[in-house]
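The opening position of the sequence shown corresponds to residue 1 in UniProt numbering, with each subsequent residue numbered one higher.
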Amino acid sequence: MLMKNYGVNRLSFGLQSCDDKLLKRIGRIHTFNEFLENYKLARKIGFTNINVDLMYGLPNLTIEIWKYTLEKICELKPEHISAYSLIIEEGTAFYSLYEKNKLEIPSEDDERIMDKMTKDILKKYGYHQYEISNFALPEKECEHNKVYWSLGEYIGVGLASSSYIDGYRLVNIDNMNEYIKRVENNDNVVMEKHKNSREDEIEEFIFMGLRMLSGISLSKFNKKFGVDINSIYEHVIEKNIREGLLVVKDDFMYLTSKGIELSNIVMSDFILDK
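So, in structure tokens, the structure goes:
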């Protein structure tokens, strides 16, 4: 209620799965019923714009459990659903288990089935895909996400939050006590500050923009960087068009359905030599 009174108009729940055994296995401290209680409370308070985060590719996740999760959440009709594929990062407990062959993750074939199932089920329930991992009901796309993916500026407020201002990437400190102490003393809470190079900006413009199904505006690229995109990426663009991964039409360049499935490979082609 406090957040609602102070003008917060959108909530996001990091549910990941509706299966309690799976939630426990991946170290989540909530149950599906606890999520439901909080979701219903948010509706009762008056929140009319809610996102639910889901994740596939999780250890021991089956196609059946994923289908169950998608349908249960769609029945709740949140305005927005984010469905991500698990990425195993170095230095994590998952990575250590994966290296020792002690992590049972779905096969690539099963992940492809889950990915297609996600698109089919969400479409059936009225959600449209506007980004590789994001789906929304009509007129409920996430405005922050669209700013982020178009390389627009934003301010992150709170512990460990990120900002992008005047070409700088900023990250706030992640220690709660230290954060509170600095705020109370009117001190700077920024822990990291990185100035993007021109090459960084170009790469991020491409990587972020290609995540959107609408793709990249070629005229915006020209206006932002003062060059035609083909003067930098002509061979890369032609190669991916030949392979059926990329389309250039009118003022836009975007991924094909096949390109979305292989987006990491496509985007790696756009990394510049530095």
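C-beta: ideal position from N, C-alpha, C; glycine also.
query: Mind the definition here: the region 174-188 touches the region 226-237 only if three or more C-beta pairs lie below 8 Å; say whether that holds.; result: no
query: Could you tell me the boundaries of the beta strand (DSSP E) in which A136 lies?; result: N134 to A136
query: Compute the beta-carbon to beta-carbon distance between L22 and I65, rounded to the nearest angstrom, for a pair I have assumed lies under 8 Å.; result: 7 Å
query: Can you give me the C-alpha to C-alpha distance between I87 and G126, rounded to a whole angstrom?; result: 28 Å
query: Below 8 Å on the Cβ atoms is my contact criterion, and I expect L151 with E234 to pass it. Report the Cβ-Cβ distance as a whole number of Å.; result: Rounded, the Cβ-Cβ distance is 22 Å, inconsistent with contact.
query: So what does K249 bridge to, in DSSP terms?; result: F252
query: Sort S17, I29, L41 and K24 by Cα distance to K67 and report the nearest one.; result: S17
query: For the region 263-273 and the region 234-248, state whether three or more C-beta atom pairs, one from each stretch, are separated by less than 8 Å.; result: yes
query: Can you name the start and end residues of the beta strand (DSSP E) that A83 belongs to?; result: H80 to S85
query: Assuming K4 and G46 make a contact with CB atoms under 8 Å, what is their CB distance in whole Å?; result: 6 Å
query: Any idea if Y6 is buried or exposed, counting beta-carbon neighbours within 10 angstroms, 16 or more meaning buried?; result: exposed
query: On the three-state DSSP scale, how would you describe I265?; result: helix
query: Does the region 80-94 come within contact of the region 48-62, defined as at least 3 CB pairs closer than 8 Å?; result: yes
query: Out of L170, R182 and M114, which one is the CA nearest neighbour of N196?; result: L170
query: Helix, strand or coil: which one does DSSP assign to H194?; result: strand
query: Rank Y39, L97 and S85 by C-alpha distance to the C-alpha of E75 and give the top, closest one.; result: Y39
query: Using C-beta distances below 6 Å, list every residue in its chain close to T118, excluding the 5 sequence neighbours before and after it, in chain order.; result: A83
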